[in-house]
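Novice: Below you'll find the structure I mean.
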Amino acid sequence: MGQTEGNASPLLEVRDLRMHFPVKEGIFLRTGKYNKAVDGVSLHIAPGETLGLVGESGCGKSTLGRCVTRLYNPTGGQILFDGHDITHLKGRELKPLRQDIQMIFQDPMESLNSRHTVGDILSEPFIIHKIGNRKARQKRVLELLEIVGLPARSATRYPFEFSGGQRQRIGIARAIALNPKLIICDEPVSALDVSIQSQIMNLLIDLQKEFNLSYLFIAHDLAVVKHVSDRIAIMYLGKLVEEGPGQTIYEKARHPYTQSLISAIPIPDPRHHLQRQVLVGDVPSPINPPSGCAFHPRCPKVMDECRSNTPRLLPLKEADAEPGQQVSCFLYK
2 MGQTEGNASP
12 LLEVRDLRMH
22 FPVKEGIFLR
32 TGKYNKAVDG
42 VSLHIAPGET
52 LGLVGESGCG
62 KSTLGRCVTR
72 LYNPTGGQIL
82 FDGHDITHLK
92 GRELKPLRQD
102 IQMIFQDPME
112 SLNSRHTVGD
122 ILSEPFIIHK
132 IGNRKARQKR
142 VLELLEIVGL
152 PARSATRYPF
162 EFSGGQRQRI
172 GIARAIALNP
182 KLIICDEPVS
192 ALDVSIQSQI
202 MNLLIDLQKE
212 FNLSYLFIAH
222 DLAVVKHVSD
232 RIAIMYLGKL
242 VEEGPGQTIY
252 EKARHPYTQS
262 LISAIPIPDP
272 RHHLQRQVLV
282 GDVPSPINPP
292 SGCAFHPRCP
302 KVMDECRSNT
312 PRLLPLKEAD
322 AEPGQQVSCF
332 LYK
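Heads up, the sequence shown is in the numbering used here, so the first residue is 2 and it goes up one at a time.
In structure tokens form, the structure reads like this:
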């Protein structure tokens, strides 16, 4: 878990970000509707901080990560990185940004070129950015392998010769190769065995301490995010519904959606009986979202106001609220 200063200027600031994908319909494939994957999200990350972004599959969290890395061109809003507006950078303008913002993908087998050796994969960032000569690159590759806990002989092998956990270590080595300031971790342990997940999580924590990295840690499992995040933001159908310090979100969740996610976390003690808050129905389509609060069709505490009006993410005003705790719910006016 990163260490942050209370008055530190944000490394990353996202303001009212929107990513709407056009949906083609009819014989002439005209755009009739839009998939509102990200629909007005604002967040910030300080240097050395980890922000956990949690939500069900299809809520738009991975799309948000790809917008931040500028793999997608946002439909609207603003992305500020290190004080500079990067929202509309294109082509060569993005090249310097690639050194400062990197991404760790969910499936390392899909994100690693199976035709290249590990040495070639880890050398590629230095070749693209014209850093060092051949000998210097080879030395750096061996250093990266050592940092992520892989033997030097791994450089001559191919990705398919490694286990899932080892492949993710290679993906992490590639992500830190250029000494970035921010890493987008897109569900980096969800495809791994439970026994390997903790090893990868500990590696990410150690790297953050050593290199003062900032993480946007995307996941659908609150139990995983809790152990690495300074703050946690909960996302539902393209919007943030709750945000606050990691421990506070886990112990004093206010939004009914967050409460249901926490109640779904397995308890290892068979004597401890937790009352589950089971959600009814599936996540609505972002193409045709419900009116009012998007969560109201599944919410166990729904009110008439929820069906017609859209709540905003606002600071919690209750006496026991923690600094930075925000919620988007009419229960807390």
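The beta-carbon is built from N, C-alpha and C at its ideal position, and this holds for glycine as well.
Just so we're clear, the structure is a prediction, and the values are computed from it rather than from any experiment.
(1) What are the boundary residues of the beta strand (DSSP E) that includes P23?
(2) Taking G49 as the reference, which of I184, R158, L143 has the closest Cα?
(3) Taking the alpha-carbon of I233 as reference, which of I250, F296, A174 has the nearest alpha-carbon?
(4) Cα-Cα, which of S309, V281, L208 is closest to P301?
(5) Taking 8 Å as the limit between beta carbons, can you name the residues of its chain near F106, skipping five residues before and five after?
(6) With a cut-off of 8 Å on the beta carbons, I'd call Y333 and L317 a contact; round off their distance for me.
(7) Compare the beta carbon distance of A174 and V195 with 8 Å and say whether it is the shorter of the two.
(8) Compare the beta carbon distance of G61 and G239 with 8 Å and say whether it is the shorter of the two.
(9) Pick out whichever of I266, L241, K210 has its Cα sitting closest to the Cα of V226.
(10) Could you tell me the alpha carbon to alpha carbon distance between Q169 and P109, rounded to whole angstroms?
(11) What does the alpha-carbon distance come out to for the pair C294 and A38?
(12) Could you spell out where the beta strand (DSSP E) holding T88 opens and where it closes?
(13) In chain order, what residues of the same chain have a beta carbon less than 7 Å from the beta carbon of P97, not counting five sequence neighbours either side?
(14) Report the residue from F163, L204, V142, E162 whose alpha carbon sits nearest the alpha carbon of A153.
(15) Quick one: what's got a C-beta closer than 7 Å to S124's C-beta in the same chain, skipping five residues either side?
(16) Sorted by chain position, which residues of the same chain lie with C-beta nearer than 8 Å to T157's C-beta, five sequence neighbours on each side aside?
(17) Quick one: complete beta strand (DSSP E) runs, 3+ long, within the stretch 154 to 230?
(18) Give me the Cα-Cα distance between C330 and T70, rounded to the nearest whole angstrom.
(19) Could you check the C-alpha separation between E14 and I46 for me, to the nearest Å?
(20) Mind checking E319: buried by the 16 CB within 10 Å criterion, or exposed?
(21) If you draw a straight line from the alpha carbon of V42 to that of L18, how long is it in whole angstroms?
(22) Going by the beta-carbon positions, is the gap between S309 and S292 smaller than 8 Å?
(23) Give the DSSP bridge partners of T249, in chain order.
(24) Name, in chain order, the residues that DSSP records as bridge partners for H45.
(25) When the Cα atoms are used, what is the spatial distance from G7 to G27?
Specialist: Walking through what the data contain:
(1) 13 to 26
(2) I184
(3) I250
(4) V281
(5) S112, G172, D187, P189
(6) That belief holds up - the Cβ atoms of Y333 and L317 are roughly 6 Å apart, short of 8 Å.
(7) It is not a contact, given that the beta carbons lie outside the stated cut-off.
(8) yes
(9) I266
(10) 5 Å
(11) 16 Å
(12) No beta strand (DSSP E) holds T88; DSSP gives it neither H nor E.
(13) Excluding residues up to 5 positions away in sequence, nothing lies with its Cβ nearer than 7 Å to the Cβ of P97 in the same chain.
(14) V142
(15) Once the five neighbours on either side are set aside, the close Cβ partners of S124 are R138, V142.
(16) T118, V119, G120
(17) 183 to 187, 215 to 220
(18) 30 Å
(19) About 7 Å.
(20) exposed
(21) Pairing V42 with L18, the inter-Cα distance amounts to about 5 Å.
(22) yes
(23) As computed with DSSP, T249 is found in no beta bridge at all.
(24) Residue pairing from DSSP places H45 in a beta bridge opposite E14.
(25) Its pLDDT being 49, under 50, G7 is placed unreliably by the model, and nothing is read from it.
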